[in-house]
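Here the structure is laid out as C-alpha cells; the discussion comes afterwards.
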Amino acid sequence: DAMVIQNPRYQVTQFGKPVTLSCSQTLNHNVMYWYQQKSSQAPKLLFHYYDKDFNNEADTPDNFQSRRPNTSFCFLDIRSPGLGDAAMYLCATSTARQGMGTEAFFGQGTRLTVV
Amino acid sequence: GQNIDQPTEMTATEGAIVQINCTYQTSGFNGLFWYQQHAGEAPTFLSYNVLDGLEEKGRFSSFLSRSKGYSYLLLKELQMKDSASYLCAARFSGGYNKLIFGAGTRLAVHP
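Chains A and R, in that order, are what the protein sequence lines are. Counted the way our numbering counts, the first sequence spans residues 7 to 121. Counted the way our numbering counts, the second sequence spans residues 486 to 596.
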C-alpha cells in the first residue's frame with residue numbers, strides 16, 4: 007500500500023500558467039519535504055515542513071510556494087512555470103526523531119513538463 | 486554549505502563487489518542515508534548510519550566515519566538489477582531534519 011502518494015504522476019502545463027502538485031501521506035509523519043530533480047542530478051531540496059513550521063531553502067525561487075493544510079497533505083504551487091522548471095518533483099516524509107527507522111519515504115514523483 | 490560528494494559513474498561485473506564512496510561536511514551532521522534510484526522512479530531506502538562503523542543488510546553494507554565525514558556503500562554479489570543510481574544523503578540538525586542529497590553514482594553492472 008502506497009504510504010506517500012503524489013498526484014498526478016505526469017503533469018503538462020503551459021509556460022506561465024500556475025500549476026499545483028499534491029502529496030498526501032498515511033504515515034502521520036511530522037516532516038514533509040519537496041525536492042526538485044532534473045535529469046542525472048541530485049534531488050534538490052526546495053523546502054520542508056516540521057508540522058506547520060515552514061523552512062524555505064535560501065536558493066529556492068520565489069516562484070515556488072508551498073502549503074500544508076494538515077499533517078496528511080502538502081502542496082507545491084508553481085506560480086509561473088518556466089521551461090527551466092521542467093523536472094521530477096519528489097515529495098518525501100519522515101519522523102522528527104533521530105535513530106533507526108527515521109529514513110525519508112518518497113512518493114512516486116510528479117514529472118512536470120512545461121510547454 | 487552542506488556539500489555531499491560522490492563519484493558520478495562506476496561500472497562493475499555481475500557477481501563482483503563494488504564500493505561507492507561519499508564525503509560530506511560534518512557541521513551539524515546527524516545521520517547518513519543511502520538510497521537506490523532507478524531511472525524515472527523515486528528513491529528507495531537502502532541503509533542508515535549515525536554511529537561509526539559498518540551496518541550490514543544482506544548483500545548491501547554501509548560504513549560511516551563521523552570524524553572523517555566519510556561513508557561508503559558496499560554491494561556484494563552484484564546482479565544486473567543493481568544497475569541504478571545510488572544516492573548518498575546526509576541529515577543535518579538545522580531546520581528539523583533537513584535531508585540533503587548528493588548527485589548520485591550511476592552504477593552499470595555488466596555480464
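All C-beta atoms in this analysis are idealised placements derived from N, C-alpha and C, irrespective of residue type, glycine included.
Reduced DSSP secondary structure (H/G/I, E/B, other) of residue i
i         : result
R/Asp-645 : The first residue shown for chain R is 486 and the last is 596, placing residue 645 of chain R beyond what the model contains.
A/Leu-89  : helix
R/Lys-566 : helix
A/Thr-66  : coil
R/Ser-552 : coil
A/Gln-114 : coil
A/Gln-4   : Because chain A spans 7 through 121 in this model, residue 4 of chain A falls outside it and cannot be assessed.
A/Arg-103 : coil
Start-to-end residues for the beta strand (DSSP E) that takes in residue i
i         : result
A/Met-94  : 93-100
R/Lys-583 : 583-586
A/Thr-77  : Counting along the chain, A/Thr-77 falls outside any beta strand (DSSP E), and DSSP gives it neither H nor E.
A/Gln-12  : 10-13
A/Val-121 : It is not in any beta strand (DSSP E) - A/Val-121 carries neither H nor E in the DSSP assignment.
R/Ala-593 : 590-595
Cutoff 8 Å: residue i Cβ touching any chain R Cβ
i       : result
A/Val-1 : The requested residue 1 of chain A does not occur in the structure, where chain A is confined to residues 7 to 121.
Minimum Cβ-Cβ distance from residue i to chain A less than 8 Å
i         : result
R/Tyr-571 : no
R/Leu-584 : yes
R/Phe-518 : yes
R/Gly-543 : no
R/Tyr-533 : yes
R/Phe-577 : no
R/Ala-593 : no
R/Phe-462 : Absent from the structure is residue 462 of chain R, since the part of chain R shown begins at 486 and ends at 596.
R/Gly-538 : no
R/Ala-527 : yes
R/Gly-554 : no
R/Gly-587 : yes
Which of the residues in the segment 98-118 of chain A, read from start to end, lie with their CB under 9 Å from any CB of chain R?
Ala-98, Ser-100, Thr-101, Ala-102, Arg-103, Gln-104, Gly-105, Met-106, Gly-107, Thr-108, Glu-109, Ala-110, Phe-111, Phe-112, Gly-113, Gln-114, Gly-115, Arg-117
Could you please tell me which residues of the segment 39-51 of chain A, in chain order, have their CB closer than 7 Å to any CB of chain R?
Tyr-39, Gln-47, Ala-48, Pro-49, Leu-51
Please give me, in chain order, every unbroken run of the beta strand (DSSP E) with length at least 3 that falls completely inside the segment 489-547 of chain R.
494-498, 503-509, 514-522, 529-534, 538-542
According to a CB-to-CB cut-off of less than 7 Å, which residues of the segment 81-97 of chain A neighbour chain R?
Leu-96
4-residue-minimum alpha helix (DSSP H) runs that sit fully inside the segment 16-67 of chain A, ordered along the chain:
none
Proximal residues, the segment 17-38 of chain A versus chain R, C-beta separation under 7 Å
Val-37
Taking beta-carbon pairs under 8 Å, can you tell me which members of the segment 486-498 of chain R lie near chain A?
Ile-489
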